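This report refers to the structure that appears directly beneath it.
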Amino acid sequence: MKLRVKGFCLLLLVLLALCSTIEVSEARRGKHWRSRSSASSSQLKKGKGKKSTSHRQHGSNRPSTKPPISSTPSSGAGKGNQNPYQPSPNAPVSPSPRNGSRQSNPPPPPTPSCGKGHQQPSQPPPATSQGAVFNVVDFGAKGDGVTDDTKAFEGAWSAACKQGASTVLVPPELEFLVGPVSFSGPYCKPNIVFQLEGTILAPTSAKLWGSGLLQWLEFTKLNGIVIQGNGIINGRGQQWWTYSDPEDEDDDDTYEVELERMPQIKPTALRFYGSSNVVVAGITIVNSSQCHLKFDNCQGVMVHDVTISSPENSLNTDGIHLQNSKDVSIHHTNLACGDDCISIQTGCSNINIHNVNCGPGHGISIGGLGRDNTKACVSNVTVRDVNMFRTMNGVRIKTWQGGVGLVQDIRFSNIQVSEVQTPIIIDQFYCDRSTCRNQTSAVAVSGVQYENIRGTFTIKPVHFACSDSLPCSGISLTGVQLRPVQVPHYHLNNPFCWQAFGELYTPTVPPIACLQIGKPAGNNLQSYNDIC
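Following our numbering, the numbering of the sequence shown begins with 790 at its first residue and continues without gaps.
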């Protein structure tokens, strides 16, 4: 009996030991899961997890060869979407900010999606992240707005030119006086970034311009050149403009004397020549003496989030000028000047312009083409989603008598005009002189679409003045609604057409009955390839 009791007790003890082992094992597994959850929550609350570590490393004390990436976009007006690769305006370039200045207020993690947990917010990759950084201050630039810093800029450029895939940095909160300079190839290595965060000032002393130059800042024969940032190029064109404001009581003889000392030839502020894969983004160009931004003989051009500004009465201060350039995109840009907001000249094709604000100014123009009996060819141009405010013209094609060539495949779409003098213009009798000689030959105009051109005009809604020998053909109008606004000193006129042929696909406001439906008789217009 005693043996049975002992055996039963022994069996009971073994069973209890086994159950305890199972519970401990289960408890350990449960404790391991709960510990992981608790630690994760604690890390998120106290900022000690891996994500917090990544923020701390981003603001560590290790020296960096790149400008720090700004965590927030600039709030400057007219800048639009900023490139994430922008130096912080308050942070030095190298080393990175100390004392964890970059780790304060880290962005909260995004709301987790089902089954994915917390994820780092996606950031667009910096398209122009470069290796070595050459700060113009390190090459002797003072940035006081008085000392001539041209040599320092040339030195920084020369170093970047030899290195390639590098950055020339113009730091913020400084003003650099820079004379006429050419940052040129073709022996520069490709993919150089000109990071403009400060202000570049043009000289106002006549002796620095000699007998006159065609450009102030020039980039020539480069591949993969990028100018970007939040900085300003100030042409200080007041020294060149030849107007006098009769209502300005401060306009005295001193200003006129200064004008007499400046050369007659006025420089373009920023010019690119013979270059490919060009990007201009984020910068501001103000008060150029003549054209603000010019591309000549370039291919693969992107301009976006740029602001260009000069007074309405500053003569010949085009915003952006294109000539002999192909595959150009201009978008999300604000333009206000004393001439054409955008001027498209001969040799241009595959031009795409959209989401642009224009005004004041002379509108967006193709031409003038064919001056002095020259050949001019422009094709495949799209201008869409544009706002124009109080400009002289809206969308315009202008050619000189006596020229040869062809303007073809042009589309103007979704153009909103407000108090524009004449929103739609084709003028094959363009003349900027008091008189021009009548000539038979002309640059032909064919295949021009106008879609959804709407808003208000102050002089005339439409002006089609085409050549007798080569009438305009293939003009199409869809959704054109233009209403008059009476402005003092302006006389309202009806639509005007001369030798203009095409189609009205929808009723227009006002009715454009003068457009001749169909094709001109005996129209033997050659193809673009045959002419150009």
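Even for Gly, the Cβ is constructed at its ideal location relative to N, Cα and C. Keep in mind it's a predicted model, so treat the numbers as computed, not measured.
| Item | Value |
| --- | --- |
| Please return the same chain residues whose Cβ sits closer than 8 Å to the Cβ of residue 953, not counting the five positions on each side in sequence. | 977, 978, 979, 980, 981 |
| Determine which residues share a DSSP beta bridge with residue 966 and list them. | 937, 990 |
| Using a 10 Å radius around the Cβ and a threshold of 16 neighbouring Cβ atoms, would you call residue 1280 buried or exposed? | exposed |
| If you measure between the beta carbons of residue 1177 and residue 1148, is that distance less than 7 Å? | yes |
| Quick one: what does DSSP say residue 1062 is sitting in, helix, strand or coil? | strand |
| Between which two residues does the alpha helix (DSSP H) harbouring residue 1086 extend? | Where residue 1086 is concerned, there is no enclosing alpha helix (DSSP H), given that its DSSP letter is neither H nor E. |
| For residue 887, name the three-state secondary structure that DSSP assigns. | Low confidence applies to residue 887: its pLDDT is 34, below 50, so where it sits in the model is not reliable enough to give any reading. |
| Per the contact definition of three or more C-beta pairs closer than 8 Å, is the region 1230–1237 in contact with the region 1254–1267? | yes |
| Let me know the secondary structure DSSP gives residue 947 once reduced to three states. | helix |
| If you count every other CB in all the chains shown that lies within 10 Å of the CB of residue 1085, and 16 or more means buried, which is it? | buried |
| Taking Cβ to Cβ, would you say residue 1303 is nearer than 7 Å to residue 1321? | no |
| Between the alpha carbons of residue 1008 and residue 971, how many angstroms are there, rounded? | 6 Å |
| Within the same chain, show all residues whose beta-carbon is closer than 6 Å to that of residue 1317, passing over the 5 residues directly before and after it, in chain order. | 1168, 1195, 1197 |
| If you count every other CB in all the chains shown that lies within 10 Å of the CB of residue 1103, and 16 or more means buried, which is it? | buried |
| Here's the rule: buried if 16 or more other CB atoms are within 10 angstroms of the residue's CB, otherwise exposed. What is residue 1160? | buried |
| Can you give me the C-alpha to C-alpha distance between residue 1245 and residue 1126, rounded to a whole angstrom? | 21 Å |
| Among 960, 945, 923, which one has its Cα closest to the Cα of residue 933? | 960 |
| Apart from the five residues on each side of it in sequence, which residues of its chain come closer than 6 Å, Cβ to Cβ, to residue 925? | 941, 942, 945, 959 |
| Cutting at 7 Å between CB atoms, please list the residues of its own chain near residue 1307, excluding the five before and the five after it. | 1290 |
| Determine, using beta-carbon pairs with one atom in the region 1130–1141 and one in the region 1205–1212, whether at least three such pairs fall under 8 Å. | no |
| For residue 1319, report the span of its alpha helix (DSSP H) as first-last. | 1317–1320 |
| Quick one, are the C-beta atoms of residue 1067 and residue 1014 less than 7 Å apart? | yes |
| How is residue 1303 classed by DSSP in three states: helix, strand or coil? | coil |
| What would DSSP say about residue 1222, mapped onto helix, strand or coil? | coil |
| By Cβ distance below 8 Å, which residues in the same chain neighbour residue 1309 in space, the five residues on each side in sequence not counted? | 1260, 1262, 1288, 1290 |
| Quickly, what does DSSP pair residue 1146 with across the bridge? List them, please. | 1123, 1176 |
| Indicate whether residue 1188 and residue 1252 have their beta-carbon atoms separated by less than 7 Å. | no |
| Would you verify that the beta carbon of residue 1116 is, or is not, closer than 7 Å to some beta carbon of chain B? | Looking for chain B here will not work: only one protein chain is present. |
| Alpha carbon to alpha carbon, how far is residue 1171 from residue 975? Give it in angstroms, no decimals. | 32 Å |
| Taking C-alpha atoms, which residue in 1249, 1243, 1221 lies nearest to residue 1214? | 1249 |
| Taking residue 1016 as the reference, give the member of 1077, 957, 997 with the closest Cα. | 957 |
| Here's the rule I'm using: 16 or more other beta-carbon atoms within 10 Å means buried, otherwise exposed. How should residue 1090 be labelled? | buried |
| List the whole-angstrom C-beta distance separating residue 1121 from residue 1080, where the pair is believed to meet the contact cut-off of C-beta under 8 Å. | Between residue 1080 and residue 1121 the Cβ distance is about 21 Å, and since that is not below 8 Å, they are no contact. |
| Relative to the alpha-carbon of residue 1029, which residue among 1021, 1022, 995, 1020 has its alpha-carbon at the smallest distance? | 995 |
| What is the DSSP secondary structure of residue 1017, reduced to helix, strand or coil? | strand |
| Is the beta carbon of residue 1338 less than 7 Å from the beta carbon of residue 1128? | Absent from the model: residue 1338. The displayed extent of the chain is 790 to 1321, so no value can be given. |
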